[in-house]
Structures are given as structure tokens and as C-alpha cells.
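Taking it in order: structure first as C-alpha cells, then the write-up.
Number of protein chains: 4
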Amino acid sequence: MNLDIKIAELAKSLEEKTITRRRDFHRYPETGWTEFRTASIVLENLISLGYDVKFGDAVIDETNMMGVPSSTILEENMKRAISQGANSDFVAKMAGGKTGVIGIMNFTKPGPTVALRFDMDCNDIVEAADEKHRPSRDGFASMNPGCMHACGHDGHTAAGLAIAEILSILKDELAGTIKLIFQPAEEGVRGAKAMLAKGAVDHVDFFLAAHLMMPKVGYLAYDVQGFLATSKFDATFTGVPSHAGAAPEIGKNSLLAAAIAAINLQAIPRHSDGISRVNVGVLNAGTGRNVVPANAVIKVETRGATSKINDYIYACAEKIIKSSAAMYDNTVTISQMGGAANGSNSPKLTKTIGSIAKRLGIFNQYESLANIGGSEDSSYFMDKVQKNGGQAAYMIIGASLTAINHNLYFDFDEKALILEAQLIATITSDLLTK
Amino acid sequence: MNLDIKIAELAKSLEEKTITRRRDFHRYPETGWTEFRTASIVLENLISLGYDVKFGDAVIDETNMMGVPSSTILEENMKRAISQGANSDFVAKMAGGKTGVIGIMNFTKPGPTVALRFDMDCNDIVEAADEKHRPSRDGFASMNPGCMHACGHDGHTAAGLAIAEILSILKDELAGTIKLIFQPAEEGVRGAKAMLAKGAVDHVDFFLAAHLMMPKVGYLAYDVQGFLATSKFDATFTGVPSHAGAAPEIGKNSLLAAAIAAINLQAIPRHSDGISRVNVGVLNAGTGRNVVPANAVIKVETRGATSKINDYIYACAEKIIKSSAAMYDNTVTISQMGGAANGSNSPKLTKTIGSIAKRLGIFNQYESLANIGGSEDSSYFMDKVQKNGGQAAYMIIGASLTAINHNLYFDFDEKALILEAQLIATITSDLLTK
Amino acid sequence: MNLDIKIAELAKSLEEKTITRRRDFHRYPETGWTEFRTASIVLENLISLGYDVKFGDAVIDETNMMGVPSSTILEENMKRAISQGANSDFVAKMAGGKTGVIGIMNFTKPGPTVALRFDMDCNDIVEAADEKHRPSRDGFASMNPGCMHACGHDGHTAAGLAIAEILSILKDELAGTIKLIFQPAEEGVRGAKAMLAKGAVDHVDFFLAAHLMMPKVGYLAYDVQGFLATSKFDATFTGVPSHAGAAPEIGKNSLLAAAIAAINLQAIPRHSDGISRVNVGVLNAGTGRNVVPANAVIKVETRGATSKINDYIYACAEKIIKSSAAMYDNTVTISQMGGAANGSNSPKLTKTIGSIAKRLGIFNQYESLANIGGSEDSSYFMDKVQKNGGQAAYMIIGASLTAINHNLYFDFDEKALILEAQLIATITSDLLTK
Amino acid sequence: MNLDIKIAELAKSLEEKTITRRRDFHRYPETGWTEFRTASIVLENLISLGYDVKFGDAVIDETNMMGVPSSTILEENMKRAISQGANSDFVAKMAGGKTGVIGIMNFTKPGPTVALRFDMDCNDIVEAADEKHRPSRDGFASMNPGCMHACGHDGHTAAGLAIAEILSILKDELAGTIKLIFQPAEEGVRGAKAMLAKGAVDHVDFFLAAHLMMPKVGYLAYDVQGFLATSKFDATFTGVPSHAGAAPEIGKNSLLAAAIAAINLQAIPRHSDGISRVNVGVLNAGTGRNVVPANAVIKVETRGATSKINDYIYACAEKIIKSSAAMYDNTVTISQMGGAANGSNSPKLTKTIGSIAKRLGIFNQYESLANIGGSEDSSYFMDKVQKNGGQAAYMIIGASLTAINHNLYFDFDEKALILEAQLIATITSDLLTK
């Protein structure tokens, strides 16, 4: 239990640095697959702490990258990152949006492998600019138009670096291996799959991830259940335009193909095994009032209580979209834009976390959260680790949010950062000293 | 012009017989493909007048019969026909619904071939039984439940026999060939195609058909334009049933496939070349409230100002139906139930008819009817004759109807019968003496 | 515990009589609201056993009868019942389909009121006629065409009469009141509501019902959860017909209104609180291929894990149906055809039943059935009793079915009848002697 | 006929000036309701030629302006017009987009009133910038991004000013009144109605308008028939957003409301009286993939061979849109964005034009154009004049277009300008000297 105190002190000593880092990340937010500056800073820190690092092509599988911005946007953001202080060599190696980073430290004594995952990307939101919003008031609001950390990933990354530092300091007391996964593109559940495909958690015994959330600082939920499996995709219909008055019979109507698809997607039968969801969130079609519309795009997401249910919904959706296109003689392409597995915490690891957290006494409210009711792509990592016989857990840490996630007034109480760092560092130490 | 007078006298002398015959046909109406008794009487008359006759398999091509009743119904109606006086040998040869008859007379002198077409079938209507309806009052209302001559085909057939008799009497004064086509199943435009396929009008130079219609006796329209091309078909969807509460995801819903088809059929774009129509007249789907419905049928008709437009609508319809089935993982079969070509009278023959009619002076109102606005399968015969270089015309003869076609109070002024017989016999004689 | 043995012996002694009765009911099945003969036999038995009886208007509230056959059918079935042995006075008092019966016995000692519910109606199914079906082989197959006991209600009614007899024999040993509810029209969940509205379970402390089901004889499930709330209704659309070729703009298309309704009903959003279902099981529209269809009916059912969810689905459905009618300028009427509340067994009564059943030792497999996954209108009675502070339970009794419910080969092992009678009589005695 | 020669010479002498003006208008194109600079130049010219002018509020009825840009855009364009040479006083009086101009000259002798109409607005198109496009090559391509004269209205306005000059020179030889209507916002058929409402053609005896079109220079069609009546409108749906995964039942889905509307709009039945059209050209709905979409807009146009048919389509459309909104509990607003009446040339005036054109001998191909197959809002003026007992005609003048209307490579042979000016000036002189 000696370690508990050491970690508590280390965490305390890193508080100011961690808050400063968080505010720096907040000031320079980068959307999914463009985290060039963030990843560059992570890399520099991990290297200086003695971690072996892997990044770019070594940790991101190109064929599994979903929802990647255009090369023009990627290139602009690479330039922007460098102009905002990123290391240009690192950035160059992350070309194409391969902005994931993994830091590894093998301790001298043999032992298990613990992987920790932190997400780095921001949201596509214009941050509030008025005085009532602390980041604006205190001068750390976003400098990057249309980009904002409104989901706390700036805090996750900063806490991750604090944990990296604590564990590096304790390295002689630990056994086995620590693997720090800094993941891009969690928003839209796009990034985990590409890191998974490169083996990010292949030989991992314990996996941990956490999220700052609405409840007051002092709240901890460590038995998280019911991530919904999900898939996100766009369908793009292409028809033939024609003058709606003079030659209606020549047109191949993409708007109607997309409309028929949308309605029938919504009508996919429920599944008797559990929760299913489908949503067409966006439909854009046509160019002019008097032209038979020859282009349409729909943005769709499906969810299921299990991957099997989600696969059922997806299979129905694909059939519906292709048939709708065929009905109106359109071609259609479906692009995968994101996805996550279903999942739940491993019961044994959950128990371990619970007892450690209570031992530390740094939280004042412990709760099981029966159902997260949403999706998170750390579920891909959790699923893989659990299937390989390992244990995985996801924690929710109260951060007294000022507004709900994805809101332009989102901010949090930075005291949560050190609680997160101390908790995860302690759990990790426990797992690596047994 | 001597012949004009002879024909007028012959027609006059046949008036009573023709009216009696019409009333007999009215009393024993037979729906499409079951005209066993009617055809039998036609056969007996044509034979006694000296015509060569062809019927049954010789004039009806089985593969082109559309909308044929079940064999049970056909057999019942064969029995009924015999019990109502049909010749049982003739009936036997018309098994399967092959109730068409052709009477041919080759005159000694060479000359052109004139074909006349008469339709024999009744409607599926329960005839009015009250006193204000003359057939009921005078005792010649339908004896066959659910069957009624409400479109005047009883009159057409009776007039056809009068014409047959007149022409047979004049045979020494005529040249070439006369071909009398007594067609089944005009309702639903089902019968012409099967006779066409057996060559009914293959070597015909002139083709004539006529219909008794609403205007007063004395009205004649001889320049008929704009028959709509049409196709009639059923689509039968087959899915997979399942319990709607316990296992909705297993069902493959035929009701929804048919509903999606119906809506999108109605939405087929207009054609810029002219009139198009589509109608889903019937949709029946499902068996029980709590079962995902696994069967559905729709009854569809398309129309077009030209066969090209109708073909366009039909091609769209087929694509929509197949895509709707695919969308709900159903199989679907499309059965052709009827069809007619578009068409218009040949200008030269129209002119000939006009001058003959005016010469006879038996009508008091002559009109061009620009657009018939409906479909008639004599258009198949007209189209074929015209494509072979011949001439074809359709006439509308005023008959002072008591109610619109297909109404249970339908009746007509029988004076129109002899006007029809005299006119057509005279036109035919003219064509066969030039 | 002396009573246990008495009841066991009484049950044994009634076995043959009960099987004979069940086969008699099986031979003369009567569909919902036409159980004139069945109810008549129940009445005669209850009266002879000394029960006070209420029936007809006294137990059925006319305004809450759903899915009642036409008066013609009711009258025909009344005649049939009399010809098959029903008491004509009783039948007369059940005119209009009021075929429910309640037998009441007040014991001398004060005590609680126990209500038992048995359903009497058959299914609309043509029973299998071949040798492999025991009722056909042994001569007790249905004499009433299109009617078949394929859900075991013949057995329920027979077991009910056995229980009635046992309890009447034990009357001096019991306290309080026993109320035997013989309910019509359970199929389609139509009958309970009308009896509820007449106060069938108003002062009831304990309510019990049971169903024979698929598992082997010896199986008992006594902790039944998750009846789905449900509503059943028909929507009838009325438009304006017109000739589809000549005047399409005049028609007001009911087929399309119903099709649009069907698709959008299926697309009602899921509810985040739990299971929801909607099914359009039947759609019939239109009369002829070439007529714009001016009539349509859809048969719909909704379900929900809770009545609140079902009410949500129903409210959406009503809005969709009315809007679909408005869209096509149709009028629409919605007729309620059935309904049931959600529900679950009362935990305390469940426990009581479990311990009694185990005490008796007549079953060999005891199971909780977490989710019945369907609807049963005894849920209306259960809900009412529970809301009034009473306890209610539903049991599932294994009967080694030969085919699933509602199948034309449905039959069961009649040994289950006496197990049912013995169990329910014993539970009732226990409740009425404490 | 002396006048013919004078006009020919005047037209010739104005050719260079007219081409220069057309190229100036082409260089500074202004979209509907923002023709501040164009109208300012028209005003200056008309005034200098001695016309009485009315403009701004005096000729544009605010309540009948359809599809007006936002006030921000209007103000920006006012500033742009001034910076590009417009008279700032005139521009100020046209605030709000009231950019119509009427020039009137009363001749001393009494006589009829002839109105000529010219349209001034450009298209919302990015003009081709490459060398193969003459306006780019010769330096008169659009200076206003996203604005391009791709429908020849630059030519119409320039020709109009030439005609104004010719008639002012001949004023002593003319009788009656000439009224020159320079109309804004013809694209989208938005501008005529607002000028009509201010009485633009209230006392007009003859009305003329013309359009440069595809055929070679030398072509003239003077018997134009079959303008389609049309209405253009947007429907904006507003629902309630919600998280598609966590609370789908709370959302009120605007995307589905709009999709259902689009499909059913397309399914409005054909009209038996003649051509009908409906097109949903644009549908935009939703903001994010995982949000139940709570906003949608559709851009719709209807057309009909007659105003009655168009009104029928519009009435159906309104019902469908409102019912679709009701079905998904959305509110909806419909905004009128344009409209035109049906119409055809007055036969007598057509004849007059034909004989004048042939007399002049300046064309080499004279054609009746049976059906224009589109819509033009000069039809509102024509309809009004004809209903008041006057005569109206529309002419199509061949201009050897380099690309179809509304194409980014659109250009024309400027020789057509003087042909147009000479023809219309001569017809007008003829009408004003009889």
C-alpha cells in the first residue's frame, strides 16, 4: 500500500502541469484523423519519459480508417499543426491522418500487460465566445474555427500523459508491460478499428479506459454495461437529371430513391433479442426546383444491444438501400463512417477497481451504471481483450460538467483530471505488482 | 348501287330474328373464355349459312390466353352451356376456354379479304331485377347469376349473325373473301391476342369493328382515334410469416413490399410524349392480425397514348415491383392478365365509310370522335392489319343506352342492331365488289 | 394438510369425466362471442353443484365487447348451439354474444375472495381430418366447420368444471368466497374487458389463471412475467372511386392511403423504455383493376412492454392513420378489436404457489418463465386485482402438445387436466382456509 | 410602308450601341430582385429618350414579390450596383428589391396602348472562364461571382432600349401609348405577378414579348402555344430533435415527414384534361447522423396545361404536405416562390405578326411552335390582357445559341439583337398607326 501514497503524491505534484496541458490541447483542438499537433506533443512527452513509441503507419491500418477527411483538409491541418508547434518530422510520418500513438514500457520483471486508452480528437463545433464560458474568459478557447473540445478528450489526453509520467517514475517497482494507446477519431466511433487491426491490444491482459462525465466531481461508476453495437455509414445515390417539365420520363430520381430508403430503413422490424435502433440523421438531395434530382446522400446509423442485432439491422439496411436505388435506376455506394462493438465490463476487473477506488477514498459516490445507452469504440478493444481471455473495464468519472457533451458551452472541473490520473495509475500499479 | 337496296331490305327482314337472338344471348350471358353456348350458336348458324368454320384450338393460341378462369369454373360453365342448349360436341372442342369462332367464305371471283370482328363475352355484374329494367320486365334478364351483358356484346353477336346471313345471300355478287371473327374475352382486353397469335388477321386487307354506345340511335362516329395502349397484370409477393410479437425479425413482410410497390407505381413519372396512366386497383395481403404477412397480390393496369409510352410505364412498373420485393426479401411473380395496343382508324377507310354512311342516309348525326379515352383489344387486330399494309376502322354506333356501360341497368334501343348490320354489310359489299 | 389428500383423491375420481367433457367441448368448438353451447353446459353444471350463477347481460358490458361477429352469424350460432344440445333459455339470455358465465359460492365462514378464470372460445381453424390427428382418429374432431379448439381452451373449461366440483364438495371446510369466471373471446384478447367492466374482479383478493402449453406433462411455470400490453384494431378507409383511365383526378384513393399508413405504422420509432411492437397483419383494398380503389381496411396490432409504451405506439398509430386518410382525402374509422394490459405475477402469490406445488410433488420440473413474449387478456383482471391491493398469478402447465398453438394438428396429453385441477383446487383451498 | 424602311435604318444604326450595352449587362449580371444597376441604366436611358418613368414602389407590389433574397443580400447587392456605376438615388428607391421599371410615352394622336415586356435578371451560375467561351475570351464575362446571364436577358434588355430609342424618334408618326415594361426576376417566374398587381397591363390593348432561343439566326416562331401554368413553393418542416439511440420516441422526425411528402407528391394522380407535372427538386433535412432530424425543407414545382389543372395539382400538394407534417407531429409552412399562368398567343395578333415579319423579309424560317413545354411569367401579362379584351403574343427569335439555356457556356449571335429590335419596333409602329 506504500505505492498508493507515492502515486497520490506524484499525482498531486503533476496537477498544475496537467491542467496547463489540458488547456493547451483545448486551445488547439483537432478533429478526428487530424490530431497532428496533439499526437506530436504526446510523442515528445512519451519519448522524454523513456517509452518506446510507435505511431503513423505502424499503429494505424489504412484500410480500416473510417470517415477520413479529404487529402486537402488533411494537408491543411498538417500545416496548421506545424504552425501551432507540432514537430514536422512526426507530422510527416502521420500523413494521411495516421495520428495514433502507442507508448510501451517493458519492466524488468515479468508480468502481465496492461493497456490504457486515451482519445485525443475534438468535436466539429464552434465554441461559445462569450464571457460566461470559462475557456473564453480565461483565454484558452479554441483557436481553430469550427473545432472544439466539447467531450473532454483534451482532459483524457492530459490525464494520460500524467499517468505515463507517474508509471515511468515507478518503473522499478513494476512488473510486466504497460501500453499507452492514444487513439484518434473516437467521435463517430471511427478510430479504434484501425488501431485494432494493427494489433494494438493483441497481447493485452488488462484494458482500461475512462470518460469524464456529467456527475459531480467525486462520482465514480466502475461497472459499465450495455455499450450498444453500432455502425455508421453514408449512402450516396446517383441518378440522371432531366428537366422536370419537359422530359420527366428521362430522369432517374435520386431524391425519391433516398426518401424511399429513409422510410423503409425506419421500418426495419424490431429484433426480439433486444434493443435495436436505426436513424437516418441527414438527407440531402437535388440541386434545383425544376430539375429531376440526380444526387442524394443519406447519413445513417444503426445500433443493437448485441453485435448480432446490429448486424441484422445493418443487413436489412443494406438490402433496403440497394433496392431503393434499383427501384429508381440509381447507382448507390455505401461508405462506412464508423462502428463499435457492444460490450460490458469484465466482472472480476470491475470488482478489483471497486475495491481499489474505495481503498483510495478519493471518491464519495460509487455507482454501477447499468446501461450506458450509447456507443464508444473502446468497445472494440474491450471485446478483443475479453475474447483473448483478458479483462477489460470502462469507468465514468464525475467532472461537474457545465453543459452536456457536444454543447458549445461544455467545460469541466479540472480537479477530475488528477482523480482520474491517480485512480488509473493506482489500478495499473496494482495489476502490475501482483 | 342496286346492292344498297337489297341489303337494306335483307336487313329489314332480319330485324325480328336479330332482336330475338340478342335477347337470347342476353338471357344466357357468358363471361370471358366461357362463351361455350354463345359460340355454339354462332357455329351452328355460320355452318347452316355455308361458311367454313374454325374454332377451339384452331383459332385460340393457348400460350396467349390471358386471365383464364380456373379449370373448375371452365368445366362448370361447359356443363351449364350444354344444359342451356349448346352443342356438346362443339363445347368439348372448346375445352380450356377456347371459345373463339371464325367463319370464312371464299367467293368465286378473286378479290380482297375483309375481316369483321364481333365480341361475345358478358360482364361480371349482377343484373338489376326490378321492373324499371326492361330485360327484367320483359323476361329476358340474365339466368346466370353474376353474369350480365352490360356492354352490348349480345347485340354485337346478334348483328354479326345478321351480317353473316346477308353476305351469304349475296355471295354470287361478291369477290374475294369474307372472314367473320367472333372473339371471346374482350372485357379485360384478353381475347384478341390469342386469336391474333393463330393468324386471325394475317392476310386481311380490310378490318372493321363497331361498338354500340351512349348517343341516340342515328349517331355514327366513323373516325375513331386514340385507343390507349394498355397492359394488365398481377404481381404476387411471397415472403416468410412469423409471429409479430415474438419474432418480428424473422418475418419477410409481403404486405409492406406490396404497399411500397403500390406507392411507387403511382409515382412513375409522367411521359412528355402524351397521356400515361397507372392504377393499382386491388391490393390484398396477409392472413391474421398478429402474423407478419407473407403473401400479397396487387392488380395493376398501365395505359399510354402510344404503345411506346405504355411500354415505358410497364418497364418502370416491373423494376419497381421487383425492387420492392427485393427490399423485403420476397419473391415475386408477375402474371400478364390483358393488354391492347394503341391505334387509330386508317384515314382512307374512314373516308370510305363516311361516304357510304352518308349515301345510305340511315344516320342523322355524323361525328369524328377525336379520342376514345379507353382501351379495346380490337386495336391488336387493327395494328396488325395496318402494319401489313391493310386498312382498319372502328365505328361507334348510337344505341340510346339506358345507363352507362357496365351498369346493372344497362340496356339499349334494339333499332341500332339493324342499322349496324345494314351499315357494315354495305361497307363490306362495297369493298368486295370493287 | 389433510385437504391435500382429499383433493388429490377427488381430482383422480373426476379424471374420466373431465376428459369426456373436454372431448365434448372439442367436438363442438365455438369461436369468440358464440360460446352459447359451451356456456350453457357450464351453467347447468355450476347450478347443479350449488353455485349462484350470473351470465348474459349481468356479466358482459356491451359497450366493451370488441370484435363481435355480425348479428346474422350470432343468430346462426345460437341455433346451432341449441341443435347441439344447448339450453334454449340460457342461449336466449346470451343474445348478442354475451356468453360469459360467473359462478359464485359464499362459504359460511368469512374469508377472502378467490377468483379463478377459464377461457372457453375456440380458434378459426379447419381441424386436421387425417388419421395421424387423434381427435379425428378417435372421433372427437370438430363438427363445426372452420372452428377448432387449437389452444386448449376446451381443456381449460373442462378443468374449470372439475375444480368447481371439488370446491363445492369441500365447501364446509372453506371460508370466504370462490368466484369462477368462464370468459368468452380470449382469442384476439377481446373478452376480458367486457367482464371487467361489469365488475368481475372488483372485490377479489386472489386471482388465478392457467394455460396448457408445449412442455412435457410435469412441467410447471409459476412465476410468469412480461405479458405485453397490446391493442388490436381495424382501420377502414373510404374514398371515392373513379375510372382509372378516364378520370384519375376524381378518385380518392383508399388503397394508397392504407399503404402509406401501413409503411409509416411500421416506422413508428422504438421506445427507449422497452419492447415495442407494431404489425399490420392484413390489408385489403380495391375492387377492380381499372377503378381507383375507394375502400381499404387494415388490421393492426400494437404491443408494449408496459401499457405506457403500448399507449405511445397506439397514439402514434392513430395519428398516422388519420393523416394518411387526410392525405388522400379519405374518411377513416378505427374500430377497437381487442386489447390487454401488461403485467406480471404478484411475487408473494408466486411464492405461495411454488411452495404448494412442491409440497404436492405432482410436477417434476419447476421453472420461472421470465418473459411470456405475448399477450393474454387475463392481464386485465390481474392488473385490476393488483391495483386494488390483491394478488394475482398466471401459471403455465406442461401438456405435451402435439403441435404448437393454433396449428391444425394441435392436441395435448389429457393427463395435464387433472394436474391442473388438483393444483388450482389445492391453492384455492389453501387461500380459503388461512 | 415608309416606316418599315426608317425603322430598318434606325435599327441598323443602333446595332453597335446595342451590342455594347448587351456586353455591359453581361459583364455585370444581377440575379432576380437585385437588378439595381441594370434598372438604373434602363431608367437613365428611358428618361433621356423622353419617357415618363415609374419604378420601385410604384410598379412592384411588395405582397406579391416571390422568392426575394434576404435583406442582407439585397443590401450587399445595392452597394455592389452603386460601386459598378448605378445611380444611387434610383437604387435607394428600389430598396427591398423593387427593381422593376416602366417607361411610358403618350403620343399626341389618340390610339391604342401597346405594351412591350423585357426581362432583366440573370441566372445563379458560375460562368465558364476558359478561352473557348467568347465572353471570357473577349473580356465581357461576369464580374459578379455566381451570377451569369445564361438565358439571354442581357440581350432582351439591350434590345428593349434600342426599341425604346427607335419609337421615341418616330414619336410624331405614332398614335396612342407605348408602355415599356422592364421586369425583374423572370427566372423562377417570380417577377410578373408583383408588377401585374400594380396594374402594369391594366389598360393595354396589345402585349408583346420575345425570347432569344436555340435555332439559327433567321428563325422566327410567332404562334407560340401551351405555356404551362406553374407554381413554385418551398415547404419547411419543423419537428423535435432527440438522441436517436437514447430517446428515439421523443423525436418528431422532419426528415421522414418530408420524405413521405416527396413520395406522395410524385404520386398525385394524372389529370384527364391534359398535361400535369410535379417535381420535388430539392430535399434537405437533418443535422447529424445520431440525431432524430427536426428540420427539413423541400423545393417543389407543379405545372399544368391549364391553370385549372395546375390548381388541382397544387391543392393535392398542399393536402399531402400538411398531412405528412401531421403524421410526424411536425409544423410546416409553405412559402410561394413563383408562379405563372398557362396561355397561348392571340390568333389575330399572331396573324398580324406573321404578315409583318414576312413583309420585312429579314427572317428565313417561319414556324409555328405548337407547344413551348415550359413556363414563362409573361403568361400572367398575356392572360390579363386577353381577359380584358386585348391581344397578346410571344415570339421566339433564333439566336444561334452556343449552348442550351442555363449552361455555363451559354452565348448567342448578337446579330439577333437588331432583328429583334427591328421586328418589334415595326409591329408596334404598325399597331400604333392603324
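Chains as they are written, first to last, in numbering that gives the first Met the number 0: chain A, 0 to 433; chain B, 0 to 433; chain C, 0 to 433; chain D, 0 to 433. The beta carbon of each residue, even a glycine, is placed where N, CA and C say it ideally should be.
Chain-ordered neighbours of residue i on chain D, where CB pairs are closer than 8 Å
i	result
residue 250 of chain C	268
residue 322 of chain C	322, 323, 325, 326
Proximal chain C residues relative to residue i, where beta-carbon distance stays under 9 Å
i	result
residue 318 of chain D	325, 326, 327, 328
Residue i to residue j span [Cα, whole Å]
i	j	result
residue 324 of chain C	residue 147 of chain C	37 Å
residue 277 of chain B	residue 267 of chain B	8 Å
residue 12 of chain C	residue 286 of chain C	59 Å
residue 355 of chain C	residue 363 of chain C	13 Å
residue 81 of chain B	residue 75 of chain B	10 Å
residue 105 of chain D	residue 174 of chain D	8 Å
residue 168 of chain A	residue 319 of chain A	56 Å
residue 306 of chain A	residue 269 of chain A	15 Å
residue 61 of chain A	residue 97 of chain A	8 Å
residue 2 of chain D	residue 238 of chain A	55 Å
residue 302 of chain D	residue 258 of chain D	21 Å
residue 222 of chain C	residue 64 of chain C	30 Å
residue 297 of chain B	residue 339 of chain B	20 Å
residue 369 of chain B	residue 247 of chain A	Confidence at residue 369 of chain B is low in this model, with a pLDDT of 49, below 50, so the placement of that residue should be treated as unreliable; the coordinate-derived value is given next. Each residue's Cα considered, the two are about 26 Å apart.
Contact list for residue i against chain C, beta-carbon separation under 7 Å
i	result
residue 276 of chain A	269
Residues that residue i contacts on chain B, provided the C-beta gap is smaller than 8 Å
i	result
residue 311 of chain A	248
8 Å contact criterion, which residue i and residue j should meet: CB distance rounded
i	j	result
residue 156 of chain B	residue 181 of chain B	7 Å
residue 4 of chain A	residue 423 of chain A	The pair is not a contact, with the Cβ atoms about 17 Å apart (cut-off 8 Å).
residue 393 of chain A	residue 377 of chain A	6 Å
residue 58 of chain B	residue 6 of chain B	Their Cβ separation, rounded to whole angstroms, is 28 Å, which puts residue 58 of chain B and residue 6 of chain B out of contact at 8 Å.
residue 421 of chain C	residue 114 of chain C	With 8 Å as the limit, residue 421 of chain C and residue 114 of chain C do not qualify as a contact, their Cβ atoms being about 19 Å apart.
Chain B contact residues for residue i, given Cβ-Cβ distances below 7 Å
i	result
residue 300 of chain C	243, 288, 289
Own chain, CB closer than 7 Å to residue i, minus 5 neighbours either side, in chain order
i	result
residue 87 of chain A	81
Close Cβ partners of residue i (< 6 Å) along its chain, the five nearest in sequence each way excluded
i	result
residue 190 of chain C	182, 183, 184
residue 176 of chain B	105, 112
residue 404 of chain A	150
Residue i classed as buried or exposed, judged by whether at least 16 other C-beta atoms fall within 10 angstroms
i	result
residue 425 of chain B	buried
residue 229 of chain C	buried
residue 46 of chain A	exposed
Proximal residues of chain A, C-beta to C-beta of residue i below 8 Å
i	result
residue 284 of chain D	281, 282, 283
Residue i: contacting residues in chain D (beta-carbon distance under 9 Å)
i	result
residue 292 of chain A	278, 279, 280, 281, 282
Contacting residues, own chain, Cβ-Cβ under 8 Å from residue i (five flanking each side not counted)
i	result
residue 253 of chain A	236, 237, 238, 284, 285, 292, 293, 294, 295, 327, 329
Listed by chain order, chain B residues near residue i by CB distance under 9 Å
i	result
residue 263 of chain A	255, 259, 326, 327
Proximal residues of chain D, C-beta to C-beta of residue i below 7 Å
i	result
residue 192 of chain A	Per Cβ cutoff of 7 Å: no residues; residue 192 of chain A is ~17 Å from chain D at best.
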